[in-house]
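Under this note's numbering, residues 62 to 847 are what the sequence shown spells out, in order.
Ideal Cβ positions, reconstructed from N, Cα and C, are used throughout, including at glycine.
Working notes, structure below.
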Amino acid sequence: MVSSVATTDPAGSARRTGDDGDDRGEDRGALIAPALARAIVAVVFSGFGLVALLFVQASGKSLGETALATVYLAGLLGLQYFYFGRPGTNLRSPQAYAALAVQVCLGFLPLLQFGVAWVGQPAFVAGTVLLVFPPAVAWLGFAAVLVGGTLARFPFGPQPLDVVYGVLGGIVVGLYVYGLTRLARLITELHDARNELAATAVAHERLRFARDLHDLLGLSLSAIAPKGELALRLLQRNPERAKRELSEILGISRRTLADVRSVARVYREMSLDEETRSLESMLAASNVEFRMQLDHRGLSPQVRTMLAAVLRVGVADVLRHEEVRQCEISLRQQDDLVVLDIIHDGGGSSSPESGARDGFDNLAVLVARAGGTLTVGSGSGWRFRLHVTLPVTAGSPAEDEVAELTESVPRIATKLAGALVVAVLCGFAAQAVVRLVYETTAPGPVAVGLASLIPVLFLQLAYFSRPGVRLRPRASYALLAAQALLVYVPLLYIQVPWTGLPGFLAGSALLALRPALGWTVFVAVVAATAWVQVSLGAFLARDIGFNLVLTVNNALVTFGLTWMARSVRQLRATRRELAEVAVAEERLRFARDVHDLLGLSLSAITLKSELAHRLIMVDQSRARTELAEVLAISRHALADVRSVASGYHELSLEEECRTTESLLAAADLDVRLDVDYGDLPSEVSTVLATVLREGVTNVLRHSKGERCEITIRRHGDTVHLHIVNDGVTEPPDNDNWGNGIRNLSDRLAALGGELSAGFEDGGRFGLRARVPVSRGVAGVVAEEYR
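In structure tokens form, the structure reads like this:
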């Protein structure tokens with residue numbers, strides 16, 4: 062009895078779309094990120110140092126003392142920028158702790174000489190403490206440094222607002238020093254590691270491809286050899302049985318050839334529906350009584366592909382054991398899982414005592430990678446059971462591996478970046494409130510200042526500095542105008558030179574506008590701040606300069622932290638996209654190699670098996686010869702599978718010429734081979750041998766003629782290959798022509814050669830290849846990895 066119950070639906074597919082222009086802009090921004098990040102840090106630190114020098118000068122110190130302060134600041138900031146900020150620095154090393162000790166001295170000891178003018182510098186050290194120590198220790202050290210900086214104010218008789226302002230300033234400066242340095246290091250590391258990630262993803266894809274190739278083609282090719290040997294032994298004493306074995310070889314070779322073409326086209330989303338029908342036919346032809354109940358409605362293409370691979374290996378195991386008489390296959394969905402069971406009454410190597418055989422080990426790895434399980438054992442009343450569970454939402458192994466590799470930069474990095482932006486901007490707002498209270502204690506101006514500050518801060522956090530938001534031009538223009546009104550209009554009422562908010566506006570302009578316009582608005586905001594200072598009574602150049610530097614620094618910190626937080630996100634995405642592109646290119650390379658290397662071999666196996674099948678009752682001697690060649694070609698093809706899976710393959714043009722001549726003669730074609738090319742570099746020999754394979758494959762596939770001429774000649778520094786045959790009545794369409802010619806064109810182009818195909822005189826069809834001999838290995842490698 063043979064029964065089958067299947068419930069199916071069409072498999073869907075998805076493709077990512079998006080705003081190409083915006084995406085390209087983000088990618089470009091991510092790729093220039095390291096240089097810009099370092100530039101932002103340098104400018105902000107320089108601004109911090111300039112503010113410190115203005116304080117020293119305002120305290121009445123001499124020119125010599127100011128010069129000494131400049132030296133101290135250069136050491137303090139230089140250590141931060143050139144040592145702690147360098148990506149290659151080991152922040153947990155003894156050298157780093159020694160450098161921190163030097164920085165602590167530069168941050169605290171000058172207090173003895175410069176007094177209150179130096180009280181802001183310990184905050185800079187606090188940021189470094191967060192970088193150098195583990196988190197649990199770092200935050201305690203951060204607090205200790207800030208407490209030390211606050212206590213250093215008391216000998217100078219500070220007012221309560223001075224203490225509050227100092228504490229807020231210490232927190233803000235420490236956080237932005239840590240944030241700018243940490244994010245700049247991370248951006249540089251992400252950028253520098255993008256190619257390494259791509260190479261790692263490619264290596265993983267090669268390993269996955271090797272496993273898939275073994276499961277898809279290795280088992281089929283391995284089955285041809287024993288069946289061919291059996292047919293050879295049976296040829297004289299049992300021709301009918303030998304003929305049946307040849308029929309099975311034909312079925313396997315045709316099926317495997319179709320698989321090769323499938324890999325070459327899509328590498329590869331196997332159709333579960335087609336696989337089910339094919340397996341049903343194979344089981345029925347093997348006189349196995351089976352029952353198949355499948356429910357794969359609503360499953361993703363990735364899950365369906367994996368189930369098809371499991372079914373193939375499982376049924377191949379059934380067919381491998383001649384004692385199997387009954388088999389049941391069931392596929393069902395339970396909650397969030399897909400469960401597949403294949404059970405049969407066979408034994409042998411399938412028994413649990415023998416362990417998993419070839420194919421099951423590889424499948425177990427693939428299934429586990431998708432979050433599922435595969436077990437081989439005995440079932441109730443049966444001698445063998447293959448049990449597989451998969452999550453309904455399992456993704457593509459390649460996509461999952463790329464995502465896993467991308468997670469080498471933890472998501473906490475992006476969360477930390479966002480938290481730093483919020484903390485620093487809120488700190489700036491709190492400092493602005495303190496500065497306003499310094500200028501006036503009247504309730505009205507303070508209330509108006511708060512009423513303008515809160516919406517400005519909200520706009521900054523909710524739109525301009527929100528890490529994941531995409532700034533839209535029209536919305537940005539309107540919100541920048543609103544922010545400008547909230548910054549400057551309240552000054553008409555407050556009537557004091559309050560400079561708390563222009564930094565937000567200038568930073569937002571850099572974030573939201575194109576660079577040229579953004580920097581123009583930035584300069585305009587700074588100039589307007591100076592004009593407001595003068596118009597509201599700040600006549601001392603020193604005071605105006607201090608406020609301008611403070612505005613510029615706040616603006617650059619606002620821009621820098623926000624931009625770096627976004628860059629971390631974009632670089633994570635860019636790294637993943639680069640890895641996915643590298644994997645996609647590697648998949649195409651594998652597909653090309655599988656098509657080029659195995660297409661002709663499998664065509665030859667099919668052709669010679671058909672010929673032996675026809676001759677077995679007519680000319681057993683000729684049939685034996687053809688069968689022996691089938692065996693030789695199948696072993697060679699199996700070696701090719703292993704070679705492709707390892708990622709490297711060299712072909713002998715001389716050997717390929719001999720094989721081609723034999724194959725065309727077996728197909729009853731009149732062959733003329735004219736070869737004179739001398740010594741060739743291995744890469745040139747390999748690509749010409751591959752062109753020859755593909756050309757002959759297409760002759761066998763598309764031609765119904767009687768003659769084929771092949772010429773390979775060297776003219777100077779160039780080798781020319783020409784394959785011409787009759788019997789082609791019309792040009793092959795793109796689908797029938799396949800991927801082979803397009804793949805070969807790409808390979809020849811990489812060597813500086815070219816490929817052409819078309820009708821020639823006399824109605825014959827010709828394939829021409831030209832490749833320079835002088836193109837060295839270094840050029841090929843550079844082209845491949847460029």
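Can you tell which of Leu672, Arg315, Gly227 has the C-alpha that lies nearest to the C-alpha of Phe185? Answer by Cα proximity: Gly227.
How about Val385 and Asp406: do their beta carbons lie closer than 8 angstroms? For Val385 and Asp406, yes; Cβs fall inside 8 angstroms.
If you pair each beta-carbon of the segment 484-494 with each one of the segment 506-523, do three or more pairs fall below 8 angstroms? Short answer: they touch.
Under the rule that 16 or more other beta-carbon atoms within 10 Å means buried, what is Asn759, buried or exposed? Asn759 counts as buried, since at least 16 other C-beta atoms from the protein chains shown sit within 10 angstroms of its C-beta.
Under the rule that 16 or more other beta-carbon atoms within 10 Å means buried, what is His776, buried or exposed? It counts as exposed.
Does the separation of the CB atoms of Leu668 and Ala726 fall below 8 angstroms? Cβ distance not < 8 angstroms, so Leu668 and Ala726 don't count as in contact.
Residue from Leu318, Leu398, Arg298 whose Cα sits closest to the Cα of Ile285: Residue Leu318 is the option with its Cα nearest to Ile285.
Does the segment 175-183 touch the segment 214-224, meaning 3 or more C-beta pairs lie closer than 8 angstroms? Of all C-beta pairs linking the segment 214-224 to the segment 175-183, three or more are shorter than 8 angstroms, placing the two stretches in contact.
Spatial distance of Gly438 from Phe445 (CA atoms): Take the alpha-carbon of Gly438 and the one of Phe445: they are about 6 angstroms apart.
Contact set for Ala909: own chain, Cβ-Cβ below 6 angstroms, skip 5 residues either direction: Nothing about residue 909 can be reported from this structure: the residues present for the chain run from 62 to 847 only.
Among Gln387, Leu782, Pro452, nearest to Glu815 - alpha-carbon criterion: Closest option to Glu815, Cα to Cα, is Leu782.
Separation of Leu514 from Phe565, as counted between CA atoms: C-alpha separation (whole angstroms): 10 angstroms.
Unbroken beta strand (DSSP E) run spanning Gln394, endpoints: Per DSSP, Gln394 is one residue of the beta strand (DSSP E) stretching across 387-395.
Can you tell me whether Ala539 is helix, strand or coil according to DSSP? Here Ala539 sits in helix by DSSP.
Please identify the residue among Leu617, Gly209, Ser107, Leu295 whose C-alpha is closest to the C-alpha of Gln681. Relative to the Cα of Gln681, the nearest Cα in the group Leu617, Gly209, Ser107, Leu295 belongs to Leu295.
CA-CA distance, Lys765 and Arg825? Computed Cα separation, rounded: 11 angstroms.
Applying the 10 Å Cβ sphere with the 16-neighbour rule, what's the burial state of Pro504? Counting Cβ neighbours within 10 Å, Pro504 comes out exposed, since fewer than 16 surround it.
Beta-carbon proximity check, Val449 vs Leu435, cutoff 8 angstroms: It is a contact, given that the beta carbons lie within the stated cut-off.
How about Glu722 and Leu734: are their beta carbons less than 8 angstroms apart? The answer is yes: Cβ separation under 8 angstroms.
Residue span of the beta strand (DSSP E) that contains Glu815, given as start and end: For Glu815, the uninterrupted beta strand (DSSP E) run begins and ends at 815-820, by DSSP.
Which residues mark the beginning and the end of the alpha helix (DSSP H) in which Val186 is found? Looking at the DSSP string, the run of the alpha helix (DSSP H) that includes Val186 is 183-193.
Cβ of Ala567 within 8 angstroms of Cβ of Thr612? Taking 8 angstroms as the Cβ cut-off, Ala567 and Thr612 qualify as a contacting pair.
Between Ile771, Ser713, Leu380, Gly359, which lies nearest to Ser342 when the distance is taken from Cα to Cα? Closest option to Ser342, Cα to Cα, is Leu380.
From the DSSP output, read off the bridge partner residues of Phe826. Its beta-bridge partners are Asn786, Phe820.
Can you list, in chain order, the residues of its chain whose CB lies under 7 angstroms from that of Leu167, leaving out five sequence neighbours each side? Within the same chain, Leu167 has close Cβ partners Tyr133, Gly136, Leu137.
Which same chain residues end up closer than 6 angstroms to Ile101 when comparing Cβ atoms and leaving out the 5 residues on each side of it in sequence? The residues are Gly621.
Can you grab the Cα-Cα spacing for the pair Leu541 / Ala570, in whole Å? C-alpha separation (whole angstroms): 7 angstroms.
Take Ala478 as the anchor and find which of Arg575, Trp580, Thr502, Arg630 has the nearest alpha-carbon. Ranking the options by Cα distance to Ala478, first place goes to Arg630.
On a CA-only basis, which of Ser746, Ile313, Met625 is nearest Ser670? Give me that one, please. Ranking Ser746, Ile313, Met625 by Cα distance to Ser670 puts Ile313 first.
Leaving aside the five residues before and after Arg829 along the sequence, list all residues of the same chain whose C-beta is less than 6 angstroms from its C-beta, in chain order. Only His783, Ser817 meet the Cβ criterion.
For Lys288, I'd like the list of residues in its chain whose CB is within less than 7 angstroms of its CB, leaving aside the five on either flank, ordered along the chain. Closer than 7 angstroms at the Cβ level, and outside the excluded window around Lys288, lie Glu306, Glu309, Ile310.
Below 8 angstroms between beta carbons: does that hold for Ser695 and Leu282? Inclusion of Ser695 and Leu282 in the CB contact set at 8 angstroms is warranted, their separation being smaller than that value.
Outcome for Ala119 when other beta-carbon atoms lying within 10 angstroms are tallied against a minimum of 16: Answer is exposed; the Cβ neighbour count stays below 16.
Can you give me the C-alpha to C-alpha distance between Ser107 and Asn614, rounded to a whole angstrom? Cα-Cα distance, rounded: 9 angstroms.
Just the Cα atoms here: how many angstroms apart are Ala199 and Leu192? So the alpha carbons of these two residues sit roughly 8 angstroms apart.
Here's the rule I'm using: 16 or more other beta-carbon atoms within 10 Å means buried, otherwise exposed. How should Asn786 be labelled? So Asn786 counts as buried.
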